[in-house]
Amino acid sequence: MSPWQVLEWLGWLGTLAFAASGALMGVQKRFDLVGVLVLAGVTAVGGGSIRDVVVGSLPPQAFRNEAVLWVVFAVSLLVWRFYGRVERLERPIYYLDTLGLGIFAALGAERGFTFGLGFWGCVFAGTVSGVGGGVLRDLLTGQIPGIFYRNRDLYATAAAGGAAVVYAIYRFLPDLAALALVLGSLTTIALRLSSRWLGLRLPTPRVGD
Amino acid sequence: MSPWQVLEWLGWLGTLAFAASGALMGVQKRFDLVGVLVLAGVTAVGGGSIRDVVVGSLPPQAFRNEAVLWVVFAVSLLVWRFYGRVERLERPIYYLDTLGLGIFAALGAERGFTFGLGFWGCVFAGTVSGVGGGVLRDLLTGQIPGIFYRNRDLYATAAAGGAAVVYAIYRFLPDLAALALVLGSLTTIALRLSSRWLGLRLPTPRVGD
Amino acid sequence: MSPWQVLEWLGWLGTLAFAASGALMGVQKRFDLVGVLVLAGVTAVGGGSIRDVVVGSLPPQAFRNEAVLWVVFAVSLLVWRFYGRVERLERPIYYLDTLGLGIFAALGAERGFTFGLGFWGCVFAGTVSGVGGGVLRDLLTGQIPGIFYRNRDLYATAAAGGAAVVYAIYRFLPDLAALALVLGSLTTIALRLSSRWLGLRLPTPRVGD
């Protein structure tokens with residue numbers, strides 16, 4: 001398999017994790033069956049869809065290749081049926097989610113670059129690909145999106161870091177272009193895992209300044 | 001009148017009901033006059049606009065044929081002025097809302113099909129056409145969107161069912177294409193009304209599983 | 001400088017004020033550094049981006065000319081560092097915000113007109129350009145958007161008024177087209193300031209009607 005194909009397969013694992021996190025939240029909030037399906041779908045493909053709206057590539061990717069939506073559907077039913085057991089898979093879901101975050105952020109930044117966006121555009125496209133689904137999930141369940149808060153490991157920041165690496169490689173190091181997606185994904189994953197392991201946090205404001 | 005024209009006229013009644021439900025919510029939440037207008041407008045045309053963004057048909061339909069926005073404007077002023085009396089029309093509004101849900105879901109699925117979407121794309125386009133306005137209304141008034149919750153009659157599910165029927169007819173039963181919109185609308189309406197009359201509910205999760 | 005260039009420069013001051021208001025809210029809500037950056041960015045360019053999605057001009061303007069995003073970035077860092085001092089600048093920020101509201105509403109309505117929208121389309125494009133960023137900021141921080149409420153000076157209404165003036169001039173008074181943006185901006189600014197100075201309020205519903 002080419003590196004690109006490997007990435008694509010790993011991306012599927014990330015989609016699984018995103019769909020599972022949406023479905024779990026739906027069950028926790030006592031949504032009904034269709035509510036759980038919707039929440040899983042929004043979490044899994046919402047970020048990429050916002051990205052595609054912003055870069056102007058419509059309909060969004062997930063609607064042009066529906067295989068991903070069938071996977072989301074199946075995952076939701078499994079979570080629905082085996083909620084208790086899936087909930088206990090917190091740790092594997094965490095790692096799959098990190099994998100998905102890294103790959104989606106890198107692919108999003110690449111897509112932004114392809115559509116002619118500049119630095120901030122690529123960073124936005126990458127970050128929203130990675131975190132947008134979770135933000136929509138939180139809004140639809142009445143919560144302030146968790147990614148903006150302290151006391152968590154780096155999340156949006158990790159995605160933004162990986163997206164910036166992809167942009168920098170395409171822009172300034174064309175020799176490494178073949179590796180851009182891999183290096184971007186690894187950057188995101190390394191930032192998130194090291195923040196968890198080392199207790200790294202972003203600064204929060206000293207309001208009494 | 002052709003069946004299509006009948007549907008179009010019935011769709012106007014649905015728009016009335018959607019605008020009225022948004023305006024009523026705005027008055028209940030003590031929004032000011034412009035707030036009520038905005039909420040009525042978002043509720044009436046928000047779903048179709050999300051659909052048009054997703055299928056890539058911009059500007060959204062309501063902005064290309066503004067008659068609907070003038071109707072929303074008039075309805076809002078009437079609700080504002082005669083709030084007490086309109087509020088007591090709960091039952092007729094319920095039936096008009098059901099009519100609108102059915103027609104919008106069918107038209108949304110048709111639009112998705114026209115723009116080349118597959119099964120889930122059409123179901124999404126139809127469902128979001130029917131329920132998207134109400135979801136935005138709930139978000140803007142600080143509520144978790146009601147459609148995801150149990151203890152209500154089927155709503156998003158009914159819209160999704162009707163949209164699926166439209167897709168299935170266009171895809172597999174082209175002989176019935178002329179009837180697709182009518183059959184889709186009737187499916188949604190039948191699902192919603194029967195759920196109300198029979199107390200039908202979607203399953204909710206057994207969390208202690 | 002041509003009047004257009006003056007407007008453009010004044011528009012930058014409005015962007016500064018919008019970014020500052022987003023960043024201040026982020027610090028108040030104890031968002032972390034990246035959260036503050038995101039909130040400032042969404043507040044500053046979110047309204048114009050919704051407008052561009054709706055008129056179908058993608059990617060949105062801010063992503064095609066990133067200078068504005070670098071300004072937002074710088075403002076966010078300054079607010080972060082000097083939060084206490086910036087917070088005390090309430091009054092100048094109020095006036096810059098009013099300036100921005102007026103200019104964005106006028107430019108938004110012009111853009112809607114250019115893309116062929118009618119009356120309500122232009123009013124929507126202008127209003128959402130002016131207030132959309134603030135609405136997104138409020139949603140992301142878990143608040144009901146403030147602009148819909150009474151007991152504030154006119155805000156969305158002022159933007160809508162200015163947008164309507166721009167539309168009316170382009171449509172009915174082409175002789176004044178060169179002045180449309182200036183007159184539209186001044187309308188919005190005058191509406192807002194007079195509502196503050198004169199205690200003008202929109203009517204709120206008499207629910208016991």
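Residue numbers (the UniProt record's numbering), protein chains in the order written: chain A, 1 to 209; chain B, 1 to 209; chain C, 1 to 209.
Here a beta-carbon is modelled for each residue, glycine too, at the ideal position from N, C-alpha and C.
Reduced DSSP secondary structure (H/G/I, E/B, other) of residue i
| i | result |
| --- | --- |
| Phe31 of chain C | strand |
| Thr204 of chain B | coil |
| Pro145 of chain C | coil |
| Val58 of chain B | The question names Val, but residue 58 of chain B in the sequence shown is Leu. Here Leu58 of chain B sits in coil by DSSP. |
| Asp138 of chain B | helix |
| Gly130 of chain C | helix |
| Asp209 of chain B | Caution applies to Asp209 of chain B, whose pLDDT of 46 falls short of 50 and renders its modelled position unreliable; the value that the coordinates give is listed next. Three-state DSSP puts Asp209 of chain B in coil, outside helix and strand. |
| Asp153 of chain B | coil |
| Arg88 of chain A | coil |
| Ser194 of chain C | helix |
| Leu37 of chain A | helix |
| Ile189 of chain B | helix |
| Glu66 of chain C | coil |
| Gln5 of chain A | helix |
| Gly199 of chain A | coil |
| Gly118 of chain B | coil |
| Trp82 of chain A | The question names Trp, yet the displayed sequence has Phe at residue 82 of chain A. Reduced to three states, the DSSP call for Phe82 of chain A is coil. |
| Leu173 of chain C | coil |
| Phe18 of chain C | helix |
Beta-carbon gap between residue i and residue j smaller than 9 angstroms
| i | j | result |
| --- | --- | --- |
| Phe124 of chain C | Gly41 of chain B | yes |
| Thr204 of chain B | Gly162 of chain B | no |
| Gly130 of chain A | Gly47 of chain A | yes |
| Gly22 of chain C | Gly133 of chain C | yes |
| Val27 of chain B | Trp80 of chain B | yes |
| Ala158 of chain C | Val75 of chain C | no |
| Ala105 of chain B | Leu7 of chain B | no |
| Val166 of chain B | Leu181 of chain B | yes |
| Ala44 of chain B | Val86 of chain B | no |
| Leu139 of chain A | Leu140 of chain C | yes |
| Trp70 of chain B | Trp120 of chain C | yes |
| Ile93 of chain A | Ala190 of chain A | no |
| Pro59 of chain B | Val135 of chain C | no |
Neighbouring residues, chain C, relative to residue i (Cβ below 9 angstroms)
| i | result |
| --- | --- |
| Trp80 of chain A | Under the 9 angstroms cutoff, chain C gives no residues; its nearest Cβ is about 28 angstroms from Trp80 of chain A. |
| Pro203 of chain A | Asp32, Leu33 and Trp80 |
| Gly121 of chain A | Pro59, Ala62, Phe63, Arg64, Glu66 and Leu69 |
Test: residue i CB closer than 9 angstroms to a CB of chain C
| i | result |
| --- | --- |
| Val165 of chain A | no |
| Trp70 of chain B | yes |
| Gly41 of chain B | yes |
| Asp209 of chain A | Its pLDDT being 46, under 50, Asp209 of chain A is placed unreliably in this model, and the value from its coordinates should be taken loosely. It does; some Cβ of chain C falls within 9 angstroms. |
| Ala160 of chain A | yes |
| Ser49 of chain B | yes |
The ligand ADP heavy atom lying under 8 angstroms from the CB of residue i
| i | result |
| --- | --- |
| Ala125 of chain A | What this structure holds is no ligand at all, so the ligand ADP is not there to describe. |
Under 8 angstroms by beta carbon: chain A residues contacting residue i
| i | result |
| --- | --- |
| Gly56 of chain B | Leu58 and Pro59 |
| Val75 of chain C | Within 8 angstroms Cβ-Cβ: nothing; Val75 of chain C doesn't reach chain A, min ~14 angstroms. |
Any chain A beta carbon closer than 9 angstroms to residue i
| i | result |
| --- | --- |
| Arg111 of chain C | no |
| Phe172 of chain C | no |
| residue 212 of chain B | Since the first residue shown for chain B is 1 and the last is 209, residue 212 of chain B is missing from the structure and cannot be characterised. |
Residue-chain proximity (residue i, chain B), Cβ-Cβ < 9 angstroms
| i | result |
| --- | --- |
| Phe124 of chain A | no |
| Phe115 of chain A | no |
| Ala106 of chain C | no |
| Ile147 of chain C | yes |
| Ser2 of chain A | no |
| Val128 of chain A | no |
| Val38 of chain A | yes |
| Thr15 of chain C | no |
Partner residues on chain C for residue i, Cβ-Cβ distance less than 8 angstroms
| i | result |
| --- | --- |
| Ile144 of chain A | Lys29, Leu140, Thr141 and Gly142 |
| Gly118 of chain A | Phe63 and Glu66 |
Listed by chain order, chain A residues near residue i by CB distance under 7 angstroms
| i | result |
| --- | --- |
| Val53 of chain C | Val53 |
Proximal residues of chain C, C-beta to C-beta of residue i below 7 angstroms
| i | result |
| --- | --- |
| Thr157 of chain A | Val34 |
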